[in-house]
Amino acid sequence: MKKAHAKRQISPVKMAAPLALFVIIIAVWEICVSAFHISRTILPRPEVIVRQFVQNFARDIWPQMQFSLWVILTGYVVSVVIGILIAAVCSQFKLVTQSVSPLIILFLVTPMNTLVPIFMLWMGFNPMERILIVILQTTPIIALNTISGFSKVENSKIELMRSMGATRVQTFCKLIFPNALPQVFTGLKLGCIFSIIAAMGADLEIGKSGLGYRISEYSSLTMTEMAYGTIILVALMGNIMFEIVAKVERKLIVWLK
Amino acid sequence: MFNESLFELNAIRKQYGSGNTLVTVLDKIDFSVREGEFVCIMGASGSGKSTLLRIMGGIEKQTAGKIRINNNWYKDGIPPMERRDFGYVFQQDNLLAWRTTEKNVNLPLEIFGYKGKQWKDRIAEMLDLVGLLNYKECYPHELSGGMRQRASIARALVHDPKALLLDQPFGALDAITRKELGYRLLKIWKETGKTVVMITNSVDEALLLASRIIVLSSAPAKICHIIENDIPYQDRDESLSDNFEYKRLHEQLSNIVRGTETTDQPEKEFARKLA
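Just so you know, the protein sequences line up as chains A and B, in that order. If you're matching positions, the first sequence starts at 1 in my numbering and goes up one per residue. If you're matching positions, the second sequence starts at 1 in my numbering and goes up one per residue.
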């Protein structure tokens, strides 16, 4: 008998719908700007944005994009590792969870922009500083979600492991971790968002390099077309990062209806 | 027909809480299970049947009394290594959602470190025994409730335990599936010759399957009745309900079980005292 589960089909409607919406938005945008004679410093025309952006990409954008990508990705990967490790330790020792949770939430809630000036006093303009900020902002959200995933295990499953005399490690690897995967991926996806926000925020505060810095520079020089273009680029980067994680999630988590 | 005693419970007591909130679920349970027997445990709901089975399976520890397995007496619960001699089947299907049927059945082998071809072959053997060989690549959410319980039984047998412990395994299923699985379990027992201890609330089921039926009183539970089910096994089929001895035992057992029903339920009592 063949496998019973169906492969998820991506219907053409599903792909076409967001594209269609996108085209409509661009069209309306163009029309509005021309019809209402909106100044280019407030809302530039999409056509000009694309043209100027492509023109300046190689010289102005690409090096900063490389830098920002490096900051975001390094920060993200380190956050994932640390976040899951913290959660793993917390799941074994209730006391650790109780003492560490408020601290994690504190980091999550404090806007990094308030701490950045302090870091600048310590580290000056060291590029590692930005990675540190990304880590500080991203690790908590991953850790919290993973802790939540690790702690929500059905009692009956724990009893199942106990009925076989499984060790703590076996119970963790075979039950607690796989059971937590959906929640872990929620944290990983949120982490994508947080790491980009943190990186852009750090750029704005510290300046000198990075896409966030570029955006603020273009704004102050009223090169609005380039500013818009860069913002859209950052949004696209975020989307792609999110989609990659979502794709991994779909590959790994096959058992949910 | 049955050989020496496989394991023995002596003066088992189980209490929860302490001081004012002390609740005695099991009072003084003594019995032994002979090899190859099929024992059914019955009693009012909340009478501690599950607790008793969990103590027998090493999931919980007894408060007092000792248990003998393999000529060793244990006073503080059954140690992890000894639990390999049991296969436990839970009330609700307890399969891991992220594993296929085959991988689920493989779980005990992984935990116990049983490697090698003969163990791998056993997975297929057990799946065939419960009739799920064609479904080994399916995930639990793709199986029906009855199929999931069958998979649980296969899992409980895969490591070739000495005894099978089942906690109302068919309670959550519809009446027809329940009956089917009852016959299937009988067949499995005949083919494997395992010792079985099963909790059930169905008199029909107990009389179909058991060679001996133990009835627990309500908490603090003691064994209040032991009934030998002498109906020969070759007579236990679809026509069983016409059997004279069956009808007699059915009435007797139903009265006994009904007699153990009271309104006091220990777990609720415990919760009330804590609140």
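Just so you know, even glycine gets a beta-carbon here, dropped at the ideal spot from N, CA and C. Here the structure is a predicted model, which means the values were calculated and not measured.
The DSSP assignment places 23-34, 38-43 as complete runs of the beta strand (DSSP E) inside the stretch 21-45 of chain B, in order along the chain (cut-off: 3 residues). Interface flag for residue 73 of chain B against chain A is unset, since no Cβ pair is found closer than 8 Å. Between the beta-carbon of residue 38 of chain B and that of residue 196 of chain B there is about 5 Å, and that keeps the pair under the 8 Å contact cut. Partner residues in the beta bridge of residue 167 of chain B, as assigned by DSSP, are B/199. Residue contact check for residue 96 of chain B against chain A: a CB pair falls below 8 Å. Contact of residue 184 of chain B with chain A is not assigned, every C-beta pair being separated by 8 Å or more. For the stretch 46-77 of chain B, the beta-carbon criterion of a distance under 8 Å to any beta-carbon of chain A is satisfied by 54, 57, 58, 59. By the C-beta density criterion, residue 62 of chain A is exposed, having fewer than 16 other C-beta atoms within 10 angstroms. Shortest Cα-Cα distance from residue 102 of chain A to any of A/20, A/147, A/132 involves A/147. By a beta-carbon distance limit of 8 Å, residue 207 of chain B contacts residue 246 of chain B. Their separation comes to about 6 Å. By the beta-carbon neighbour count (other beta carbons within 10 angstroms, threshold 16), residue 73 of chain B is exposed.
Close to chain A, meaning a Cβ-Cβ distance shorter than 8 Å, are the following residues of the stretch 100-112 of chain B: 107, 108, 110, 111, 112.
Counting along the chain, residue 90 of chain A sits inside the alpha helix (DSSP H) bounded by residues 62-92. Per the C-alpha coordinates, the member of A/184, A/208, A/121 positioned closest to residue 83 of chain A is A/184. The beta carbon of residue 106 of chain B lies closer than 7 Å to those of 123 in the same chain, with the five residues before and after it left out.
Residue 218 of chain B sits away from residue 50 of chain B, with the two beta carbons spaced by 8 Å or more. In the DSSP annotation of this structure, the continuous segment of the beta strand (DSSP E) that includes residue 13 of chain B starts and ends at 5-16. Contact between the stretch 171-188 of chain A and the stretch 214-228 of chain A is not established, with fewer than three Cβ pairs separated by less than 8 Å. Closest in alpha carbon position to residue 167 of chain B, among B/23, B/57, B/126, is B/57. Secondary structure at residue 190 of chain B: helix, using DSSP grouped into helix, strand and coil. Proximity of the stretch 111-125 of chain B to the stretch 179-194 of chain B falls short of the contact definition, fewer than three beta-carbon pairs being nearer than 8 Å. Cβ neighbours of residue 213 of chain B within its own chain (closer than 7 Å, five residues either side excluded): 40, 42, 206, 227, 229, 253. Taking the C-beta atoms as reference points, residue 52 of chain B is found no nearer than 8 Å to residue 165 of chain B. Contact check for residue 131 of chain A against residue 81 of chain A fails: the beta carbons are separated by 8 Å or more.
Taking a beta-carbon distance threshold of 8 Å, residue 220 of chain B does not count as an interface residue toward chain A.
In this structure, the CA atom of residue 200 of chain A is about 55 Å from the CA atom of residue 133 of chain B. Residue 162 of chain A and residue 55 of chain B do not touch by the CB rule: their CB atoms are close to 12 Å apart, not below 8 Å.
In the three-state scheme derived from DSSP, where H, G and I count as helix and E and B as strand, residue 66 of chain B is classed as strand. In the pairwise beta carbon analysis, the stretch 134-145 of chain A is classified as not touching the stretch 167-176 of chain A: fewer than three pairs are separated by under 8 Å. The Cβ atoms of residue 158 of chain B and residue 126 of chain B sit closer than 8 Å to each other. DSSP places residue 225 of chain B in the strand class (E or B) of the three-state scheme. Taking 8 Å as the threshold, the shortest C-beta distance from residue 250 of chain A to chain B does not fall below it. Under the three-state reduction of DSSP output, residue 89 of chain B falls in the strand class. A residue is called buried when at least 16 other Cβ atoms come within 10 angstroms of its Cβ; residue 119 of chain A meets this threshold and is buried. Against chain A, the CB of residue 31 of chain B has no partner CB under 8 Å away; the residue lies outside that interface. Counting C-beta pairs with one atom in each stretch, the stretch 90-100 of chain A and the stretch 5-23 of chain B have fewer than three that are closer than 8 Å, which means they do not touch.
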